[in-house]
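Comments concern the structure below.
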Amino acid sequence: MKIIVGSLNAAKVGAVKVAADAYWPENEVWGIDADSGVPGQPKGWDETMRGALTRARNAYYAAEGKADIGVGLEGGVVEMAGRMVLMNVAAVFDGTQESAAPGTGTPLPESWAMAVREGQELGPFLAEKFAGYNRKIGAMPFVTNGVLQREAIFAEALKGALAPWVTPEAFAA
4 MKIIVGSLNA AKVGAVKVAA DAYWPENEVW GIDADSGVPG QPKGWDETMR GALTRARNAY
64 YAAEGKADIG VGLEGGVVEM AGRMVLMNVA AVFDGTQESA APGTGTPLPE SWAMAVREGQ
124 ELGPFLAEKF AGYNRKIGAM PFVTNGVLQR EAIFAEALKG ALAPWVTPEA FAA
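Taking my numbering, the leading residue of the sequence shown gets 4, the next gets one more, and so forth.
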């Protein structure tokens with residue numbers, strides 16, 4: 004299976020490799036810079052999923068036939084029951100069929116949520132507020148003291164999004 008990822012972020016490319024290894028012992032994974040078509044801080048399930056799907060499509064078409072599937076991974080924030088939750092979505096596209104699935108989420112502290120509601124992107128806000136914050140690692144590992152790692156959470160979401168390619172007979176009905 005040849006898989007192109009709509010990102011050059013090492014954690015995202017690594018997540019795709021982890022998910023691909025779970026299903027296909029022989030695979031090739033590489034990344035490309037792909038536009039999401041959504042703001043830098045996606046808000047809501049719809050916008051975050053649209054960003055992931057757009058990245059998957061853009062990556063697939065950029066591969067010019069050299070990839071079996073394109074993958075898009077997007078993090079965003081969602082308001083649920085009066086709280087803001089940081090979450091992620093994985094999407095897959097093969098030229099005709101597409102799929103997407105959500106991953107793990109974590110609540111945001113209210114001060115962080117307020118900053119996002121006021122229009123700030125979470126990464127730059129945290130970099131300004133906390134000297135030890137590393138944008139490459141991400142907010143979820145930061146807020147969970149490293150228990151939730153970006154690569155692992157995106158890999159789990161992608162394992163779900165790959166279901167139509169793993170059990171095509173279930174999706175043919």
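Where a beta carbon is used, it is the ideal one built from N, C-alpha and C, also for glycine.
When the beta-carbon positions are compared, Asn91 and Pro110 stay at least 9 angstroms from each other. If the five residues before and after Ala158 are omitted, its C-beta is found closer than 6 angstroms to the C-beta atoms of Ala18, Val21 and Ala22, all from its own chain and listed in chain order. The stretch 52 to 61 makes contact with the stretch 84 to 100, as at least three CB pairs between them are under 8 angstroms. Considering only Val169, Ala118 and Val16, the residue with the shortest C-alpha distance to Trp27 is Val169.
Here Leu151 is buried: its Cβ has 16 or more other Cβ atoms, across all protein chains shown, within 10 Å. Here Arg138 is near Gly126, since their CB atoms are less than 9 angstroms apart.
For Phe133, the secondary structure class from DSSP, reduced to helix, strand or coil, is coil.
Glu31 is bridged by DSSP to Lys5. Contact check for Lys162 against Ala25 passes: the beta carbons are separated by less than 9 angstroms. The three-state reading of DSSP puts Ile72 in strand, counting E and B together. Non-local beta-carbon contacts of Lys5 in its own chain, meaning distances under 6 angstroms to residues more than five positions away in sequence, involve Glu31, Ala70 and Asp71 in chain order.
Going by C-alpha positions, Ala166 is about 23 angstroms away from Gly47.
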